[in-house]
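**Student:**
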Amino acid sequence: MISRKKYAREVKSIPKGFDNPNEFFTYVYNDQDIIWMGQNTNHLHSKDGIMEAMVSSIKKGDYAKYPPPDGFPELQDLVQEDLGLTHGFDCLITAGATESLYHTANNILEPENNTLTCDPGYLIIDNFCSRFGEVRSIPIYNPECGYKLTPQLARENLDENTKLICLIDPLNPLGSSYTKQEIKEFKEISEEHDIYLLHDITYRDFARDHHLMAKYAPDRTITIYSFSKIYGMAGLRIGAMIASPELISSVRTILINDLGTNVVSQKGAIAAVNSKYEWLDRIKDTTRSNQEIIKKAVDQVDGAFIPVYPSDANMLAIDIYDTGIKPSELADYLLERGIFTREGTYTSKLYGHRYLRVSFSIPTEHVKYFAECFLEAMDQLKVEK
Ligand SMILES: Cc1ncc(COP(=O)(O)O)c(C=O)c1O
-10 MISRKKYARE
0 VKSIPKGFDN
10 PNEFFTYVYN
20 DQDIIWMGQN
30 TNHLHSKDGI
40 MEAMVSSIKK
50 GDYAKYPPPD
60 GFPELQDLVQ
70 EDLGLTHGFD
80 CLITAGATES
90 LYHTANNILE
100 PENNTLTCDP
110 GYLIIDNFCS
120 RFGEVRSIPI
130 YNPECGYKLT
140 PQLARENLDE
150 NTKLICLIDP
160 LNPLGSSYTK
170 QEIKEFKEIS
180 EEHDIYLLHD
190 ITYRDFARDH
200 HLMAKYAPDR
210 TITIYSFSKI
220 YGMAGLRIGA
230 MIASPELISS
240 VRTILINDLG
250 TNVVSQKGAI
260 AAVNSKYEWL
270 DRIKDTTRSN
280 QEIIKKAVDQ
290 VDGAFIPVYP
300 SDANMLAIDI
310 YDTGIKPSEL
320 ADYLLERGIF
330 TREGTYTSKL
340 YGHRYLRVSF
350 SIPTEHVKYF
360 AECFLEAMDQ
370 LKVEK
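Under the working numbering, the sequence shown has 347 at position 358, and the numbering climbs by one with no breaks.
1. Looking only at DSSP bridge pairs, what is T106 linked to?
2. Below 8 Å, can you find three or more Cβ-Cβ pairs linking the stretch 315 to 323 to the stretch 184 to 196?
3. Return the chain-ordered ranges of every beta strand (DSSP E) run that is complete within the stretch 161 to 205 and spans a minimum of 3 residues.
4. Should D198 be counted as a contact of ligand 1 given a C-beta to heavy atom distance under 6 Å?
5. Using the beta-carbon count (16 or more within 10 Å), is A261 buried or exposed?
6. For M367, write down the residues that DSSP places opposite it in a beta bridge.
7. Under 7 Å, do S166 and A203 count as touching if we go by C-beta distance?
8. Using a Cβ-Cβ cutoff of less than 6 Å, which residues in the same chain neighbour T30 once the five nearest sequence positions on both sides are dropped?
9. Please tell me whether, using a cut-off of 6 Å, the distance from the CB of Y185 to the nearest non-hydrogen atom of ligand 1 is below it.
10. With distances taken from CA atoms, which of D308, G110, T168, T83 is nearest D291?
11. Give me, in chain order, the residues of the same chain whose beta-carbon lies closer than 6 Å to that of E101; leave out the 5 immediate sequence neighbours on both sides.
12. Tell me, to the nearest whole angstrom, how far the beta carbon of G221 is from that of I24; I am working on the premise that it is less than 8 Å.
13. Between L305 and Q289, which are expected to be in contact by the criterion C-beta below 8 Å, what is the C-beta distance as a whole number of angstroms?
14. Buried or exposed for N(-9), please, with buried defined as at least 16 other CB atoms from any protein chain shown within 10 angstroms of its CB.
15. Should K49 be labelled buried (16 or more other beta-carbon atoms within 10 Å of its own) or exposed?
16. Going by DSSP in three states, I283 sits in which element: helix, strand or coil?
17. Taking 6 Å as the cut-off, is the C-beta of G333 nearer than that to any heavy atom in ligand 1?
18. How many whole angstroms separate the CB atoms of T330 and V347, which I take to be in contact at a CB cut-off of 8 Å?
19. Please determine whether the Cβ atom of I157 lies at a distance below 6 Å from any heavy atom of ligand 1.
20. If you measure from each residue's Cβ to the nearest non-hydrogen atom of ligand 1, which ones come out under 5 Å, in chain order?
21. Going by DSSP, what residues sit across from A223 in a beta bridge?
22. Since I believe Y214 is in contact with I157 (beta carbons under 8 Å), could you give me their beta-carbon distance rounded to a whole number of angstroms?
23. So for A302, helix, strand or coil by DSSP?
24. Mind listing, in chain order, the continuous beta strand (DSSP E) runs of no fewer than 3 residues lying wholly within the stretch 67 to 99?
25. On a Cα-Cα basis, can you pick out the residue from T106, I113, G257 that is closest to I129?
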């Protein structure tokens, strides 16, 4: 018999009426009218050439061939140019940022090592790192540390076996992000203690201001890049990792997707980076004003607050603990009204009972409808208590 791995993931709470997560996701996926605020995907793209590039690739029958294993050089170059990480760096195109996260953990960690992550955070990273070593998840849900893993917290929690520090910037689920000064301090920490830095920049393009760790610590940083969020291509499963040629070459020895990443997705990704500056401001502006609508609604509810506002990502957390209403009750209520949101337990082991996470890179009329339903829910659920 095969026993469960020690790092096997617990199934998080499943919305009422569903037996397992797959059943729930199939339900929301198949309902075209569901308002998608439960995953931080981007539903604001219009005709901008991305879909057209993919359709053209399909029509040519490109998909009959395997792509080059590291990715099309044109796409590798575009990703590196987008970040300004051209000289002294290399890039691998992967099946989403997710694959890059896994390779980073696998490549860097030995069993005696530990990794610093934070709670709340993107728990899939913790899970991957725990397959290869110990994970130290640092509680950051408080204003004293600015709701992020600060250099000071890192110093307090590291030891001689710490090999990796994970910085999600901006942070899923709170939207906190790093200043240039903090980035420089992490560079010092990495040099002083011989530590690698995983810089997950999945939400970078939504931020007001953003600083790349790789520019300060080029040999010790693995930058994780996603096409799922600003580019609106989550279902296409495409992302990248950018690091020193030495690090990328060691990752090549442990690849899983040895035959390369989806050809059609790569063609779409090329069109996406090429057209970025035609649509970026529009999407950022809509996302930012959508966030204001949510803030106005939350401010009307006694006991509810947004820990990090404005969020530098396309999602934020709404803390409802002091209202006495549970995030699961609120999520179920909203789902009945056709709005998919995420309970805090998806991104926190310690604080999940406090907040609901909502994403807002969706049409503004949907956000307005959410604001109405949220206020109605907070009234209604309070009465029922
Ligand atoms: C911080 C972070 N990294 C990576 C991912 C996954 O990205 P991808 O869809 O490119 O695999 C997510 C998805 O929500 C995320 O929040």
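Even for Gly, the Cβ is constructed at its ideal location relative to N, Cα and C.
**Tutor:** Let me spell this out:
1. Reading the sequence shown from its first residue, position 117 is the one you call residue 106. Answer by DSSP bridge pairing, in chain order: S126.
2. The stretch 315 to 323 makes no contact with the stretch 184 to 196: fewer than 3 CB pairs, one atom from each, lie closer than 8 Å.
3. 185 to 189
4. If you number the sequence shown from 1, residue 198 lands on position 209. Remark: the shortest separation between the CB of D198 and any heavy atom of ligand 1 does not fall under 6 Å.
5. Taking the sequence shown and counting its residues from 1, the one referred to as residue 261 is at position 272. Buried, because 16 or more other Cβ atoms sit within 10 Å of the Cβ of A261.
6. Residue numbering aside, residue 367 sits at position 378 when the sequence shown is read from its first letter. According to DSSP, M367 bridges with nothing at all.
7. The residue labelled residue 166 in the question sits at position 177 within the sequence shown. The residue labelled residue 203 in the question sits at position 214 within the sequence shown. One thing to note: S166 has its Cβ no nearer than 7 Å to the Cβ of A203.
8. One-based indexing of the sequence shown puts residue 30 at position 41. Here the set comprises A223.
9. As a position in the sequence shown, residue 185 is number 196, starting the count at 1. No, the Cβ of Y185 stays beyond 6 Å of every heavy atom of ligand 1.
10. Position 302 of the sequence shown holds residue 291. The shortest Cα separation from D291 among D308, G110, T168, T83 belongs to D308.
11. Taking the first residue of the sequence shown as 1, we reach residue 101 at position 112. If we look at E101 and ignore the five residues flanking it on each side, its Cβ neighbours are N150.
12. Here the question's residue 221 lines up with position 232 in the sequence shown. Here the question's residue 24 lines up with position 35 in the sequence shown. Not really, about 16 Å apart at Cβ, beyond 8 Å.
13. Counting from one through the sequence shown, the residue named residue 305 turns up at place 316. Counting from one through the sequence shown, the residue named residue 289 turns up at place 300. Your pair L305 and Q289 does not check out as a contact, with CB atoms roughly 16 Å apart and the cut at 8 Å.
14. Position 2 of the sequence shown, counting from 1, holds the residue named residue -9. According to the sequence displayed, residue -9 carries Ile and not Asn. Around the C-beta of I(-9), fewer than 16 other C-beta atoms lie within 10 Å, and the residue is accordingly described as exposed.
15. Looking up residue 49 in the sequence shown gives position 60. K49 is exposed by the Cβ-count criterion.
16. Along the sequence shown, read from residue 1 onward, the residue named residue 283 stands at position 294. Three-state DSSP puts I283 in a helix.
17. The residue you call residue 333 lines up with position 344 of the sequence shown. Answer for G333: no, Cβ out of range of ligand 1.
18. As a working mapping, residue 330 is identified with position 341 in the sequence shown. As a working mapping, residue 347 is identified with position 358 in the sequence shown. Indeed, because the Cβ distance is near 5 Å, the residues count as touching under 8 Å.
19. As a working mapping, residue 157 is identified with position 168 in the sequence shown. Annotation for I157 indicates a beta carbon within 6 Å of some heavy atom of ligand 1.
20. G85, A86, T87, Y111, I157, N161, D189, T191, S215, S217, G228
21. Position 234 of the sequence shown, counting from 1, holds the residue named residue 223. Beta-bridge pairing links A223 to no other residue.
22. Sequence index remark: in the sequence shown, residue 157 carries index 168 (1-based). Sequence index remark: in the sequence shown, residue 214 carries index 225 (1-based). Contact flag wrong, Cβ pair sits at about 13 Å.
23. Here the question's residue 302 lines up with position 313 in the sequence shown. Reduced to three states, the DSSP call for A302 is coil.
24. 79 to 83
25. Position 140 of the sequence shown, counted from the start, is the residue given in the question as residue 129. If we check each option's Cα against that of I129, T106 comes out closest.
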